[in-house]
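Below: one structure, written as C-alpha cells.
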Ligand SMILES: Cc1cc2nc3c(=O)[nH]c(=O)nc-3n(C[C@H](O)[C@H](O)[C@H](O)COP(=O)(O)OP(=O)(O)OC[C@H]3O[C@@H](n4cnc5c(N)ncnc54)[C@H](O)[C@@H]3O)c2cc1C
Ligand SMILES: Cc1cc2nc3c(=O)[nH]c(=O)nc-3n(C[C@H](O)[C@H](O)[C@H](O)COP(=O)(O)O)c2cc1C
Ligand code: SF4
Ligand code: SF4
C-alpha cells in the first residue's frame, strides 16, 4: 500500500502534515482543537485573539450561503468578528493544547488596535506556548477601523505592527493578508520588512451574496438590516490562487513562505495551493460544512498524488506551477485547437450547439436528422466553450492548426489539456 | 439496460454519475449504512472519499474491509443491509451504495492498485475446505496475517456459488477471477479437484495443519420425492452452474416450469428469459406478501415477462405435468412443460466431514468445533445465507483461528 510522509517545514517549524484549521470558529476552544488534532490535522490556528479592551458583540444569525442549482454551498458569507471568549480563557486553552498535543503545531492568531496591543498579545501567546503566531490584518467586518482589513490594505500599518510583534517575541510569525486590495504584494513586502517570517492568504472577501426580495435587504437579515462582510469557501479559491501566484512572481516575494487559504476542501485543492508555492494550508469553510473528518481524504489523496508524481518529499512539489503562469502577452498565440467530438460518447443534447451559437462563433452545426453536432472549422476559433458545456465529456482538444502567416513549428509538441470536461 | 445473459444487467457508473450519486449522500452523523454492513465495509467512509475526490482512498477502504468488495458490490441485497437505514430516504430514496462500490472497485482494477499487504510468515499452517466466499475470505485474512494457507476445493474451479450459482449477467466470472487472483497473490494455495472426505481426509488435514476451516457451503440442490428419476426435471443450482460454465450456450425448450420463489428461482427464470425461452412460468409456494426473493431480482424477473403464480404447492408430477394445490383457497393448477426446474433450496453435502449439523448449520456456539482445531464459516455457520455474511463469518472465523493460534 502506498505510504508517503506528508511532513513539511514551514517558517522553521516542522508540521506532521500541511493541513491546519484556519483561524475561525472551527478552532474556537480547547475541545474543538483537540478533536481536530485527533482527526489528523497537522496544526491549528486558534481563533483570533483580540486585546482585552476590545469587547466582542456578535450578531445573530451570522452566516449565509451562495447556492447554484442543487449545490448548497458554493460560497459562504460570515459576519463574525474575532474570539468571543475572554483573553484568559483563550490563553488557558492554548496552554492546555500545547501540553496535551506537543507534537502538533499550535498557532495563535492575534489582532490589536495599536502597537502596544500587538506587543502585549504577542508576548502573552508566546508565554502560553504557541509554536508560531499569525497576525490578523484582514478581517473585513470589524466594528473598529483600527483593526481588520483596513490595516491589511495599509502597508505602513502592516510594517509597523509586524515590527511591534518582532520586538516582543522570538517565535516565527506570519501576516494574514486581505484580498480586499488590488495588489497584495505591497502589504506582504511591508510585513516581511517589518519582521514577519511568512505570509498567509487569503482572509475573506467583502461581499453581499444574496438579497431578500420581499424584505429588500441582504442576507443574513439582522433586525431588518444586513452589512457587507466576508466571503469564503470554494468560490474564493480562484481569487486566493491568483494572489498567491502574484506574490510568488514578485522578485521580493519569490521565496516567501506562504500559507495558502481559501476554499480548500479536497486534496486536489490542496495540491493546487502547493504547486503555486504554499508550504502550509488552512481551512475553515470546508470544515464548517463537513467537519474535521475531511482531512482524512485530503491527506490520503495527497499521498497518492505524491506517489503518482514520484516524489517522497512534499517540499518537492512546492511552487512547481509558478513558472508556468506567465503574463498573458507572452502566451503562444500562433495556433488554434479545434474541438474533437467523440461520436461514441455524444448523446445528442445539442448543448454545444447552443453555447457555440449564443456564446461563441456559430461554428457548431446541428444535423437535425441524426441529432448530432459537427464543427465547421471555417467559423470555429477554438475557444472550446463547447467542451466545457458538454455533459458527457465528448469534446476534447483535437486537431491543431497554425494560424496564417505564423512561423511553422511542430504542433504535435504543444502541451494541451488532456480533457476539457469538468466533473 | 442490456438484455443478454453474458452482459452485466446493470451498467456501471461513469465518473460524473458516481459523483452525482455520492453528492446525494448526506454525509450524516451516525451513518446507518456503515453500522449495517455485515462485513464492515464502511460505506460512509468510502462514499465520503468519492465525494472528496479521493478515489484511491475509497478503494483502500473497500478492499481492506472486504476482500470480495467487487463481488459484494454486485450481488449484495443492499436494500436489506447498508441501504436500509439510509438517512437520504428522509428526502427521497437511499444512496445506491452497491453501485458506488462497484465504481470504486472497477477503478481499483483499472488503475491496477495493489492494496493488500502480507505480514512476514509466522510459520503456521491453515487448511481451508471450500473456495466459496467464506473460504476465500478466511484464507485472505489469514494469509495477510502471515499464515501459510491452502484451500481444498472439490470443483475444477474456485469460487463456490460465486462461480457456479450467481448468473453471469449479475456477476461475471471475469470479476470472480480477478478477486480470486488478488487472494492467490497473497500467497494462498488452491488445490482444485480435491474433495475433502474422499481425496484427502479431514483427519489428515487436522494433523498436518495448525487449524482447519470448513467452508463447504450448501452446494446440493433439494428435491421432492415426486420429482425423483424424472428426465424432465433439473435442479436449479445444477442448471445455473451448467449455463454459466458454458457461457450461456445451452439448448433449451420452449416451455419451462420453475418451482420455487427465492433468489435462486429468480435467477433461474431470468436466465431462462435472457436465453430466449418463450414461456417461463414460476410457481411459488409463498404468497407475494411473504416472498423471499429480493425486490431487485423479482423486478428484473418481472421485467423479462415471467409469469409468477403465488401460493401453490406441488402435489404430483408425471413426466412434464405437475399438479399444484393452492395453500389457502380451494384451487387446483396443472402445468405441462418441456422442462421442470426445481429451485426449492440447497443443502449441505457433508459426506466425509464428520461435523454435527442442525438445520444446515454446524452445531456450535462459536466458530470453533468443540475443543478441536476445526473451525467453520459461511452458509454452514449461523446467520444469513448471503455472500456478505459469508465474508463476515469468514473473517470472524479467521480471527478466531488467529486468536486460537496465539495471534494478537
Ligand atoms: C443461484 C444463487 C444465487 C445467489 N445469489 C446471491 C446474491 O445475489 N447475493 C448474495 O449475497 N447471496 C447469493 N446467494 C447465496 C450465496 O451464494 C451463498 O450464501 C454463499 O456463496 C455461501 O458461501 P460459502 O462460502 O459458505 O459456500 P459456497 O459458495 O457454497 O462454497 C462452498 C465451496 O465448498 C466446496 N466444497 C463443498 N464440499 C467440499 C468438500 N468436501 N471438499 C472440498 N470442497 C468442498 C464447494 O464446491 C464450493 O466451491 C446465491 C446463491 C445461489 C445458489
Ligand atoms: C465564520 C468565519 C469566521 C472567521 N474568523 C476569522 C478570524 O477570527 N480570524 C481570521 O484570521 N480569519 C477568520 N476567518 C477567515 C478564515 O480563516 C479564512 O481565511 C477564510 O474563511 C478563507 O478560507 P476558507 O475558504 O477555507 O473558509 C473566518 C472565516 C469564517 C467563515
Ligand atoms: S448551529 Fe448550533 S449554535 Fe448554531 S444556531 Fe444551530 S444549534 Fe445553535
Ligand atoms: S454537448 Fe456533447 S453530448 Fe451534447 S451534442 Fe454536443 S458533443 Fe454531443
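Residue numbers (my numbering), protein chains in the order written: chain D, 18 to 440; chain G, 72 to 479. Beta carbons are placed, not taken as given, at the ideal position from N, Cα and C, and that holds for glycine.
query: When you measure from the CB of residue 278 (chain D) to every non-hydrogen atom of ligand 5, does any distance come out below 7 Å?; result: By its list of ligands, the structure shown excludes ligand 5, since it contains just ligand 1, ligand 2, ligand 3 and ligand 4.
query: Got a sec: is the Cβ-Cβ distance from residue 123 (chain G) to anything in chain D below 8 Å?; result: yes
query: At the level of alpha carbons, what is the spacing between residue 106 (chain G) and residue 83 (chain D)?; result: 34 Å
query: Examine chain G for any beta-carbon lying closer than 8 Å to the beta-carbon of residue 284 (chain D), and answer yes or no.; result: yes
query: At the level of alpha carbons, what is the spacing between residue 205 (chain D) and residue 244 (chain D)?; result: 28 Å
query: Between residue 468 (chain G) and residue 208 (chain G), what straight-line distance do the alpha-carbon atoms span, to the nearest angstrom?; result: 10 Å
query: How would you list, in chain order, the residues of chain D whose beta-carbon sits under 8 Å from the beta-carbon of residue 188 (chain G)?; result: 18
query: Can you tell me where the alpha helix (DSSP H) with residue 322 (chain D) in it begins and where it stops?; result: 311–326
query: For ligand 4, is there a heavy atom less than 7 Å away from the beta-carbon of residue 408 (chain D)?; result: yes
query: If you reduce the DSSP assignment to three classes, tell me which class residue 26 (chain D) lands in.; result: strand
query: Determine whether the beta carbon atoms of residue 286 (chain D) and residue 254 (chain D) lie at a separation below 8 Å.; result: yes
query: Taking DSSP's pairing of strands, which residues face residue 274 (chain G) in a bridge?; result: In DSSP, residue 274 (chain G) forms no bridge with anything.
query: Contact between the segment 206–226 of chain D and the segment 85–95 of chain D is defined here as three or more beta-carbon pairs at a separation below 8 Å; is this criterion met?; result: yes
query: Using 8 Å for Cβ pairs, my map puts residue 259 (chain G) next to residue 210 (chain G). What's the rounded Cβ distance?; result: 5 Å
query: With distances taken Cα to Cα, identify the nearest neighbour of residue 457 (chain G) among G:86, G:425, G:144, G:382.; result: G:144
query: Mind pulling the chain G residues with CB within less than 7 Å of residue 317 (chain D)?; result: 125, 128
query: Run through chain G and tell me which residues come within less than 7 Å of residue 307 (chain D), C-beta to C-beta.; result: 98
query: Does the count of Cβ pairs from the segment 288–297 of chain G and the segment 246–259 of chain G closer than 8 Å reach three?; result: no
query: Is the distance from the Cβ of residue 104 (chain D) to the Cβ of residue 69 (chain D) below 8 Å?; result: yes
query: How about residue 371 (chain G): is its C-beta nearer than 8 Å to some C-beta of chain D?; result: no
query: Verify the CB distance criterion: does residue 120 (chain G) have a CB-CB separation below 8 Å to chain D?; result: yes
query: Does ligand 1 have a heavy atom nearer than 7 Å to the CB of residue 173 (chain G)?; result: no
query: Which residues share a DSSP beta bridge with residue 150 (chain D)?; result: D:125, D:190
query: Between residue 418 (chain G) and the rest of its own chain, which residues show a CB-CB distance below 7 Å, the 5 nearest in sequence each way excluded?; result: 289, 291, 293, 431
query: Shorter than 8 Å from the beta carbon of residue 291 (chain D) to some beta carbon of chain G?; result: no
query: Is any heavy atom in ligand 4 found nearer than 7 Å to the beta carbon of residue 368 (chain D)?; result: yes
query: Should residue 93 (chain D) be counted as a contact of ligand 2 given a C-beta to heavy atom distance under 7 Å?; result: yes
query: For residue 72 (chain G), which residues in the same chain have their Cβ closer than 8 Å to its Cβ, ignoring the five residues on either side in sequence?; result: Bear in mind that the predicted position of residue 72 (chain G) carries a pLDDT of just 40, short of 50, making it unreliable; the figure below should be weighed with that in mind. The answer, listed in chain order, is 80, 81, 82.
query: Any idea what DSSP makes of residue 410 (chain G), helix, strand or coil?; result: strand
query: Hey, is residue 131 (chain G)'s beta-carbon within less than 8 Å of any beta-carbon in chain D?; result: yes
query: For residue 135 (chain D), which of helix, strand or coil comes out of DSSP?; result: helix
query: If you draw a straight line from the alpha carbon of residue 472 (chain G) to that of residue 58 (chain D), how long is it in whole angstroms?; result: 37 Å
query: For a contact defined as C-beta to C-beta under 9 Å, what are the partners of residue 394 (chain D) on chain G?; result: Simply none; closest approach about 28 Å.
query: Enumerate in chain order the residues of its own chain whose CB-to-CB distance from residue 338 (chain D) is below 7 Å, with the five nearest sequence positions on each side excluded.; result: 292, 293
query: Within the segment 270–318 of chain G, note down every full beta strand (DSSP E) run reaching 3 residues or more, in order along the chain.; result: 282–285, 304–306
query: Does the beta carbon of residue 72 (chain G) sit closer than 8 Å to a beta carbon anywhere in chain D?; result: At residue 72 (chain G) the pLDDT is 40, less than 50, meaning the model places this residue with poor confidence and gives no usable figure here.
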